[in-house]
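Input: a single structure, listed below in structure tokens.
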Amino acid sequence: MEALHQIIERELSEVMNIVESYDREFSFVWSGYPVVDHEVFKKRVFKLAEENGLYAFITKEGDLFSVRFAFKPEGKKANIKLNILLLIITFGTTIIAGTLQRGLNPLHFGNLIHGFPFAITIMVILGSHELGHYFAAKRHGVVATLPYFIPAPSFIGTFGAVISLRSPIPDRKALVDIGAAGPITGFVLSIFAAIIGLKLSTVVEITEGALRIGNPLIFSFISHFFFKSIPQGMDVLLHPVAFAGWLGFFVTGLNLLPVGQLDGGHILYAFFPRIHRIVGYIFIAGLFALSFIWPGWLVWAFLLLLFIGVKHPPPMDTVGGLDNKRIIIGWLSLVIFVLTFIPVPFM
């Protein structure tokens, strides 16, 4: 331990005028003033940490910088068998859901082929969303799992998919990249699904008791090109591929809510860490208000409040700012949120 402390201090003194140092349980801390540009300083600190099997955390109070080196916890080895098992099960449940959407009995084996268009489309959209996060995390050296699909006995056959980040996010730039990669990928694929699916959709007479959906702005815009005028008493019967595209937009809008560690929460924290919690509470309150026009938001508000929360862990470097590229990505994410959020998803 003493030798490791000396090695780190010797290397750190080349890029920092050290004022003081002290040891905490399982970590070392040095305070002082960098003598090089912040990006150079950060790269040197992170490289030093990596070479010694540590994490480095850079903070600042006033003009004084603090660098804390902490030991990495022993990571659990990823079990890809579970990812594959959940993928297969979820593909099966979405095939059943797609078959039911066509008004067919999934217990008749021959009918299941009709569930494939919906199942393949929604699985590709959800999987690509999570893979967007996964590859962005890998690009920034963050340890992440492959997507875990979540099967569900519902009319869409799934509760979505998730990945798990197993190491801290290095800086605010990485927060933007990782947070935005999934929604942008899912948004683009949902557009393609909506275009293909709407081309295959038909106009039918409105059936009493049939499920009706509210359209996000982007879906309404695309629909206008295929159905410029719909006679009274008629409505569009969405092809399963179009419905999967609609769900892709819905999921994108949900994930971009600026709350906690949702995708939108990552991006918000990168831009405005000091007001992150306040904005999170405001949006949860907004969902409670929206529950008066669609009760389902009440469930989402409680899920966010009780299980996700409004807290967000800081990145390893809290000092570095955002460049123009990340500012553009942030604004693009906001536009996508506006285009995909649906105040009344189901009617």
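In this note's numbering, the protein residues as written are 14 to 360. Note that beta-carbon positions come from the ideal geometry of N, C-alpha and C, so glycine has one too.
Exercise. Bridge partners of residue 250, per DSSP?
Worked result: 215
Exercise. Just checking, does the stretch 153 to 172 make contact with the stretch 277 to 290 on the three C-beta pairs under 8 Å criterion?
Worked result: no
Problem set entry | Rounded C-alpha distance that separates residue 87 from residue 303 | 43 Å
Problem set entry | CA-to-CA distance, residue 205 to residue 107, given in whole angstroms | 19 Å
For this session: For residue 268, count neighbouring Cβ atoms within 10 angstroms of its own Cβ and tell me buried if that reaches 16, exposed if not.
Result: buried
Problem set entry | Where residue 190 sits in the DSSP three-state scheme | helix
For this session: Figure out for me which residue from 232, 191, 243 has the closest Cα to the Cα of residue 261.
Result: 232
Exercise. Does the distance from the C-beta atom of residue 150 to that of residue 120 stay below 8 Å?
Worked result: no
Exercise. The beta strand (DSSP E) spanning residue 312 covers which residue range?
Worked result: Where residue 312 is concerned, there is no enclosing beta strand (DSSP E), although the alpha helix (DSSP H) it sits in stretches over 309 to 316.
Problem set entry | Those residues which DSSP pairs with residue 178 across a bridge | 157
For this session: Compute the Euclidean distance between the alpha carbons of residue 42 and residue 183, then round it to the nearest angstrom.
Result: 18 Å
For this session: Starting from the C-beta of residue 300, find all residues in its chain whose C-beta is less than 6 Å away, skip the five residues before and the five after it, and write them out in chain order.
Result: 310, 313, 314
Problem set entry | Start-end ranges of the alpha helix (DSSP H) lying completely within the stretch 32 to 72, minimum 4 residues | 51 to 64
For this session: Under 8 Å Cβ to Cβ from residue 264, same chain only, skipping five residues before and after it: list those, please.
Result: 138, 139, 142, 173, 199
Exercise. Tell me which same chain residues have a C-beta within less than 7 Å of the C-beta of residue 229, skipping the five on either side of it?
Worked result: 262, 266, 352, 353, 354, 355
Exercise. Per DSSP, residue 222 forms a beta bridge with which residues?
Worked result: Looking at the DSSP assignment, residue 222 forms no beta bridge with any residue, so it has no partner.
Problem set entry | Rounded separation between residue 37 and residue 84 - CA only | 11 Å
Problem set entry | Within the stretch 128 to 153, ranges of the alpha helix (DSSP H) (whole runs, at least 4 residues) | 129 to 152
Exercise. If you run the structure through DSSP and keep just helix, strand and coil, what is residue 288?
Worked result: helix
Problem set entry | For residue 153, the nearest candidate out of 53, 236, 127, 189 (CA to CA) | 189
Exercise. Where do the N-terminal and C-terminal ends of the alpha helix (DSSP H) with residue 346 fall, by residue?
Worked result: 337 to 353
For this session: Would you mind reading off the limits of the beta strand (DSSP E) that contains residue 83?
Result: 77 to 84
Exercise. Does the stretch 205 to 221 come close enough to the stretch 232 to 250 to have 3 or more Cβ pairs within less than 8 Å?
Worked result: yes
For this session: To the nearest angstrom, report how far apart residue 191 and residue 156 are at their CA atoms.
Result: 12 Å
Problem set entry | Between the CA atoms of residue 122 and residue 81 - distance to the nearest angstrom | 60 Å
Exercise. Do the CB positions of residue 273 and residue 322 come within less than 8 Å of each other?
Worked result: yes
For this session: Could you tell me which residues DSSP puts in a beta bridge with residue 171?
Result: 164
Exercise. What did DSSP end up calling residue 276 once you bin it into helix, strand or coil?
Worked result: helix
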